[in-house]
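> According to my numbering, the sequence shown is numbered sequentially starting from 3.
Every residue gets a Cβ at the ideal spot worked out from N, C-alpha and C, and that includes glycine.
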Amino acid sequence: MPHLTLASTSPRRADLLRQIGVNFTQCAVNIDETPHFGESVAQAALRLARAKAEAGVRAADPTHAVLAADTLIGFENTALGKPRDCEDFIATMRRLSGRQHEVYTAVALAHANEIKAFLSVSHVSFRPLLENEMIAYWDTGEPADKAGGYAIQGLAGALITRLEGSYTGVMGLPLFETAELLRQAGIPIWQAGMA
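1. Using DSSP with H/G/I as helix, E/B as strand and the rest coil, what is Gln28?
2. Can you give the beta carbon distance from Thr163 to Arg129, rounded, assuming they're within the 8 angstroms contact cut?
3. Look up Phe77 in the DSSP assignment and say whether it is helix, strand or coil.
4. From Ile191 to Asn25, what distance separates their C-alpha atoms?
5. Given a threshold of 16 other Cβ atoms within 10 Å of its Cβ, counted over all protein chains shown, does Gly159 qualify as buried or as exposed?
6. When the distance is taken between beta carbons, is Pro37 closer than 8 angstroms to Pro81?
7. Can you give me the C-alpha to C-alpha distance between Val59 and Arg86, rounded to a whole angstrom?
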């Protein structure tokens, strides 16, 4: 069976893979994440996940299967990235306050000279947010390195009124789609001793 490399240093993605009992190693990848003109948020997520998988193939042992993912927050057909600073974060939170947005997480697996990819789309609704709540949340440090400026598995869980879709997809690695890709490649999940 092929060995798996996760083309990410994200502790969240690693924890999610461990949650389903997968043996893997990790490698860091660096790709150009500049949006392409006319590209939808869904297309961008898929393109970036594939690009990370390709970069992982170049960085990892060539006999390994390589798993990669990319998460983008979509609001009014625009991708919301990681906040540059507090002011940018507050502007994003004002847009999301009391509204629904989409979370696109693409997962790609490079194996046997091909790349297969799935896209998970979830709909997340925030309750109306007060300005002082936004500032207090920023001051925790949690939003700084998160797409869209929040972590559903963290403090922002208290701000979300509704989720339609994949909780793990919003976290950054949709486990259903990931398990399907791994199964197709012959990589086992729920391995003994992984609990």
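In brief:
1. The sequence position of residue 28 within the sequence shown is 26, counting from 1. If DSSP states are grouped into helix, strand and coil, Gln28 belongs with the strands.
2. On the sequence shown, position 161 is the one that residue 163 refers to. On the sequence shown, position 127 is the one that residue 129 refers to. The pair is a contact, with the Cβ atoms about 5 angstroms apart (cut-off 8 angstroms).
3. Here residue 77 is taken as the residue at index 75 of the sequence shown, counted from 1. Phe77: strand per DSSP, three-state reduction.
4. Residue mapping note: residue 191 aligns to position 189 of the sequence shown, counting from 1. Residue mapping note: residue 25 aligns to position 23 of the sequence shown, counting from 1. Between Ile191 and Asn25, the C-alpha separation is close to 8 angstroms.
5. As a working note, residue 159 is residue 157 in the sequence shown. That one is exposed.
6. For the purposes of this step, residue 81 is taken as the residue at position 79 of the sequence shown. For the purposes of this step, residue 37 is taken as the residue at position 35 of the sequence shown. First, the amino acid is wrong: residue 81 is Ala here, not Pro. A contact, by the Cβ cut-off of 8 angstroms.
7. The residue given as residue 59 occupies position 57 in the sequence shown. The residue given as residue 86 occupies position 84 in the sequence shown. Each residue's Cα considered, the two are about 30 angstroms apart.
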